[in-house]
Amino acid sequence: MTLALSRRAAMLGAAATSGSLLFAGGQAGAQQKPTELRVGITTFLSGPASVFGVPARQAADLLFEEINKAGGIAGIPVRAFYVDEGPGTDHLVGEYRRLVQNEGVHIVFASISSGSCLACTPLSDEMKKTTLLWDCGTQRIFEEGPHPFAFRTQGYGTPEVLAPLLYLLKHKPEFRSIAVINQDYAWGRDSWELWKAGMDALKPGVRVLAELFPRFNSTDFSTEITRLLALRPDVILSTSWGGELVTLIRQASERKLFERSTFVLPVAEASLQQLGKAMPQGHVIGARGDHWNNHPKPKDPARFKRFVDTYRAKYNEYPIYPCHHMAQAIAAMQAGIARAVAAKGGGWPNDQELANAFRGLTFDSPTSSITLREDGQGLEDQIVGLSTFTDKFAFAVPKDMVIFPAAMVSTPVGQKSVPWLKSLKPEILDQMPAPIAG
Amino acid sequence: MSGTVTAPARRVAPIGEALLALLGIAAVILAAWAVPWLKFILTVALAKGIAVLGILLLLRAGQVSFGHSMFLAIGAYTVAFLAPALPEALLLLPLGAAIAGLFGLVIGLFVVRYRDIFFGMLNLALSMVLYSLLEKLYSLTKGTDGIRVSGLRFAGITPDLATQEWVMFGLALGLAILFGLLVRAYLGSPMGRALAGIKTRETRLEFMGVSARRVLLAAYVLSAVMGGVAGTLVAMTSRHVTPQLAYWTSSGELVFIAVLGGAGSALGPFLGAAAFELVRVYAAAAVADAWQMILGAVLLLVILFAPGGLWGMLAGRLGRRP
């Protein structure tokens, strides 16, 4: 082992030295246009969150193929380097370095897990590598400090929790008690804290009957369901996701819990295809964004339909929200690079110039357009509605949809989410757009 | 299982071992210099190697700890908690080690009463208690999202990124050599010999007037200190700590490395750790969605064809037949 390593290391050493000399020469003059655009993508390829990671990777493969067929980005083909988030943070920060220092990626798409994002974003500062946070939701990223090279191309926890809360307050204003059943990890805790802060400000006096945090990756919720049946809360909130949410909904609906309480499920969208007709109707569902398959008025209906259709044709399922978040990150990258190249009069931007192009950037997603604020946070609209069935889909979709403009439900720049939510006034409900039948 | 792990490989003359160690050190430095991103991987590998050295000590007594990464986590969280108030890496390192050692003493006082599967499982249970605490005390630890380790100073100087990577690498390498020599000396000392006595027949030790518990306790505390050192190094290198560090799979990883490297020499853990991290990172780079299978296949091959681990293979090649 040692011998083999030293021999290989010697060869690598020789190669790297010559490589670095070449590189030094290249940097002295104008930035050379690369022969391919290298994109590092961290996503879950193993573990429970691969229900998000694998579809997102499929969406990226599909879109990159399309882009390359059409001549690439700024005239050069795109090449993706995927990294698995599954093994955890200490592996991932090593992989981030490998992407930047070894694979020479021009841009990184970081992370589904908030923990991964929190670890990668400071690395983007240190290594000065433009990083698009393509799916993680933690509000801590831009509220705890500036990150000049990081941009989030989608919404985040605060709007994704506040929009369903506002919807509930409008839809069922008379509710008096609530219970929460969330996964016992950071998102489960964070989302409840955000909800509670907003709820106490907008409708003080709601009784919290139970705060249940079953173990992460639980497969049996019978104890929790029994307790909820006995407590009879008017509303049950759950920000759980993936297979766990499917299990929870199946077990709860078998025991008629959905008939006693109104559920609010802000991350339901990704599990609805799997649930099929098992999803009860009339409960508040969210999608971490505005990309429902029955979006009432997508900005570019043809593009939306094409994306959904090609994805379905290739993978035999509808795209779920991480696919759309991936598509948004790719759209942002295209727009950002085009802007950076234009700013340089056709030349290739360096890392700093590339990052500059993303600040304040507006790009189109199939359903809407998203602006990256000055702090790096993207403004993505949120659509919340009530679960129902239509002839068109074999799974639940929302009706009576409200499109929440992102700016209305996002914490303003420079403020922290929890204090901002606590400062909300009930008048915010008057700004809420009218529901669309859908 | 411990029987095969600790089966001493063919003896290699001390001079040969020293030569191999020097060769290994040179190779590691060369690799880190030639391939910048490997510096990070190798730093983590060296740190894990130090933790596995601790496991190797316990293996000498025939005991496998399936919860050893709790000391790694204690070291790492010490750094994460104290770094904002005390950003001096050279103070945090001994502090992390001392706190882990203290925990090792307290925990050791009762786990050394047990042997074999009970010892392993008790360690596992305690590490999972720590994991749950780190995960559940959300307001303190930020749960599974973990804590970012704030900027560090080294002897009062805040180096730039590239220098800091070298400093961490140098620190890890230096400590690895130090602890390697220490463990070698310890295993040669009466206390170390007594560890082997626990494995073969404990009553004999007691007849000789040696307290088996004390012998094991000393080794346990030493291994906890090494776990703590490894944890501080991992935290300072990856700059982000999560409860995952204390999860049983992390402990399993350490035992995996011990098996992979072989327990015949203090070099084994480092061989194992370097091989583990390199296989993992190259496998992940080659096939992002099937790297676990490659890692599993490597371990199976080692267990089937080289029960003495990588060190056993090397020793078999280089050593004279007894």
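Chains B and V supply the protein sequences, listed in that same order.
Numbering of the first sequence is given in the working numbering, commencing with residue 11 and proceeding in unit increments.
Numbering of the second sequence is given in the working numbering, commencing with residue 14 and proceeding in unit increments.
The C-beta atom is built at its ideal place from N, Cα and C for all residues, glycine as well.
Bear in mind that the values here come from a model prediction, so they are computed numbers and not experimental data.
Q: Using the Cα positions of L172 of chain B and L313 of chain V, report the straight-line distance between them to the nearest angstrom.
A: For this step, residue 172 of chain B is matched to residue 162 along the first sequence. For this step, residue 313 of chain V is matched to residue 300 along the second sequence. The straight-line gap from Cα to Cα measures roughly 50 Å.
Q.
Contact defined as beta carbons within less than 8 Å: I believe I112 of chain V pairs with G241 of chain V. What is the distance between those atoms, to the nearest angstrom?
A. As a first step, residue 112 of chain V is located in the second sequence; it is residue number 99 there, counting from the start. As a first step, residue 241 of chain V is located in the second sequence; it is residue number 228 there, counting from the start. With a Cβ gap of about 7 Å, I112 of chain V and G241 of chain V count as contacting.
**Q.** H81 of chain V: contacting residues in chain B (beta-carbon distance under 7 Å)
**A.** What you label residue 81 of chain V is simply residue 68 of the second sequence in a count that begins at 1. Ordered by position in chain B, no residue passes the 7 Å Cβ test against H81 of chain V, which lies about 16 Å from the chain.
Q.
Taking 7 Å as the limit between beta carbons, can you name the residues of its chain near A268 of chain V, skipping five residues before and five after?
A. Against the second sequence, residue 268 of chain V aligns to sequence position 255. Going by the sequence as given, residue 268 of chain V is Val instead of Ala. Contacts found: I68, V77, F79.
Q: For L247 of chain B, write down the residues that DSSP places opposite it in a beta bridge.
A: The residue labelled residue 247 of chain B in the question sits at position 237 within the first sequence. Answer is B:V190, B:V274, bridged to L247 of chain B.
Q: Go to F318 of chain V, then tell me how far its alpha helix (DSSP H) extends in each direction, as first and last residue.
A: The residue you call residue 318 of chain V lines up with position 305 of the second sequence. First-last of the alpha helix (DSSP H) with F318 of chain V: 304-318.
Q | Near-chain B residues of the region 149-166 of chain V - C-beta to any C-beta below 8 Å | A | K149, Y151, K155, G156, T157, D158, G159, R161
Q: Mind listing the chain V neighbours of G125 of chain B? Cutoff is C-beta to C-beta under 7 Å, in chain order.
A: Reading the first sequence from its first residue, position 115 is the one you call residue 125 of chain B. Under the 7 Å cutoff, chain V gives T157, D158, G159, T255.
Q.
Assess contact between the region 130-139 of chain B and the region 318-331 of chain V, defined as three or more Cβ pairs (one per stretch) separated by less than 8 Å. Is contact present?
A. no
Q: Can you grab the Cα-Cα spacing for the pair K324 of chain B / A367 of chain B, in whole Å?
A: Position 314 of the first sequence holds residue 324 of chain B. Position 357 of the first sequence holds residue 367 of chain B. When rounded, the distance between both Cα atoms is 33 Å.
Q) Which class does A96 of chain V belong to by DSSP, given the choice of helix, strand or coil? A) The count along the second sequence starts at 1 and reaches residue 96 of chain V at position 83. Correct three-state label for A96 of chain V: coil.
Q | Pairwise C-alpha distance: V103 of chain B and F33 of chain B | A | Sequence index remark: in the first sequence, residue 33 of chain B carries index 23 (1-based). Sequence index remark: in the first sequence, residue 103 of chain B carries index 93 (1-based). Caution is warranted here: a pLDDT of 38 is assigned to F33 of chain B, below 50, making its placement in the model unreliable, and no coordinate value can be reported.
Q. Does any C-beta atom of chain B lie closer than 9 Å to the C-beta of A298 of chain V?
A. The sequence position of residue 298 of chain V within the second sequence is 285, counting from 1. Taking Cβ atoms only, chain B reaches closer than 9 Å to A298 of chain V, which makes this a yes.
(Q) Out of V:W324, V:I270, V:P282, V:A276, which one is the CA nearest neighbour of G354 of chain V? (A) Because residue 354 of chain V is not part of the residues shown, which for chain V are 14 to 335, the question remains open.
Q: Output yes or no for whether 9 Å exceeds the beta carbon distance between T148 of chain B and S124 of chain B.
A: Looking up residue 148 of chain B in the first sequence gives position 138. Looking up residue 124 of chain B in the first sequence gives position 114. In this structure, S124 of chain B lies closer than 9 Å to T148 of chain B by Cβ.
Q: Go through the region 325-360 of chain B residue by residue and report every complete run of the alpha helix (DSSP H) that reaches 4 residues or more, in order.
A: 331-353
Q: Grab me the residues of L178 of chain B's own chain with a C-beta within less than 6 Å of its C-beta, minus the 5 sequence neighbours each way, in chain order.
A: Taking the first sequence and counting its residues from 1, the one referred to as residue 178 of chain B is at position 168. So the qualifying residues of the chain are V274, V294.
Q.
Quick check: what's the CA-CA separation for P214 of chain B versus K182 of chain B?
A. Your numbering for residue 214 of chain B matches position 204 in the first sequence. Your numbering for residue 182 of chain B matches position 172 in the first sequence. Rounded to whole angstroms, P214 of chain B to K182 of chain B spans 15 Å at the Cα level.
Q.
Just verifying my parser: in three-state terms, what is the DSSP assignment at E184 of chain B?
A. Here residue 184 of chain B is taken as the residue at index 174 of the first sequence, counted from 1. Reduced to three states, the DSSP call for E184 of chain B is coil.
**Q.** Per-residue burial, L122 of chain V [other beta carbons within 10 Å of its own, 16 or more giving buried]
**A.** Reading the second sequence from its first residue, position 109 is the one you call residue 122 of chain V. It counts as exposed.
Q) Around the C-beta of Q362 of chain B, are 16 or more other C-beta atoms found within 10 angstroms, so that it is buried, or is it exposed? A) For this step, residue 362 of chain B is matched to residue 352 along the first sequence. Its Cβ having fewer than 16 others within 10 Å, Q362 of chain B is exposed.
Q: Quick one: which residues of the region 336-350 of chain B get their C-beta closer than 7 Å to a C-beta of chain V? List them in chain order.
A: none
Q.
In the DSSP output, which residue or residues are listed as bridge partners for D374 of chain B?
A. Here residue 374 of chain B refers to the residue found at position 364 when the first sequence is read from its first residue. In the DSSP output, where bridge partners are listed per residue, D374 of chain B has B:S379.
(Q) Does the structure place the region 233-243 of chain B close enough to the region 254-267 of chain B that three or more beta carbon pairs sit under 8 Å? (A) yes
Q) So is V142 of chain V buried or exposed if we call it buried at 16+ other beta carbons inside 10 Å? A) As a position in the second sequence, residue 142 of chain V is number 129, starting the count at 1. Exposed.
Q | Within 7 Å of chain V by C-beta, residues of the region 249-281 of chain B in sequence order | A | none
Q: List the residues of chain B that F94 of chain V touches, going by C-beta distances under 8 Å, in chain order.
A: Taking the first residue of the second sequence as position 1, residue 94 of chain V is located at position 81. Those within 8 Å of F94 of chain V in chain B number zero; the least Cβ separation is about 16 Å.
Q. In three-state terms, what does DSSP make of T250 of chain V?
A. Your numbering for residue 250 of chain V matches position 237 in the second sequence. Helix, per DSSP.
**Q.** At least 3 beta-carbon pairs within less than 8 Å: the region 57-77 of chain B vs the region 110-118 of chain B
**A.** no
Q | Extent of the continuous beta strand (DSSP E) run through M181 of chain V | A | The residue given as residue 181 of chain V occupies position 168 in the second sequence. Looking at the DSSP string, M181 of chain V is not in any beta strand (DSSP E); the run it does join, the alpha helix (DSSP H), is 174-201.
**Q.** is_contact[P251 of chain V, chain B] using C-beta, thresh 9 Å
**A.** By 1-based counting over the second sequence, the position of residue 251 of chain V is 238. In the sequence as presented, Pro is not what sits at residue 251 of chain V; that position holds Ser. Chain B contact via Cβ: present.
Q. Thinking C-alpha only, which one of B:A341, B:G252, B:E136 is nearest P376 of chain B?
A. Residue mapping note: residue 376 of chain B aligns to position 366 of the first sequence, counting from 1. The residue with the shortest Cα to Cα distance from P376 of chain B is B:A341.
Q | 8 Å contact criterion, which R48 of chain B and H116 of chain B should meet: CB distance rounded | A | Numbered from 1 along the first sequence, position 38 holds the residue referred to as residue 48 of chain B. Numbered from 1 along the first sequence, position 106 holds the residue referred to as residue 116 of chain B. Yes, they are in contact, since the Cβ atoms of R48 of chain B and H116 of chain B sit about 5 Å apart, within 8 Å.
Q. Using DSSP with H/G/I as helix, E/B as strand and the rest coil, what is M411 of chain B?
A. Counting from one through the first sequence, the residue named residue 411 of chain B turns up at place 401. Note: M411 of chain B maps to strand in three-state DSSP.
Q) Using 9 Å as the limit for Cβ to Cβ distance, is I54 of chain V near chain B? A) Within the second sequence, the letter at position 41 stands for residue 54 of chain V. With 9 Å as the cut-off, I54 of chain V counts as an interface residue toward chain B.
Q.
So that I know if they touch, is there some Cβ in chain V lying closer than 9 Å to that of Y166 of chain B?
A. On the first sequence, position 156 is the one that residue 166 of chain B refers to. No, Y166 of chain B does not count as interfacial toward chain V.
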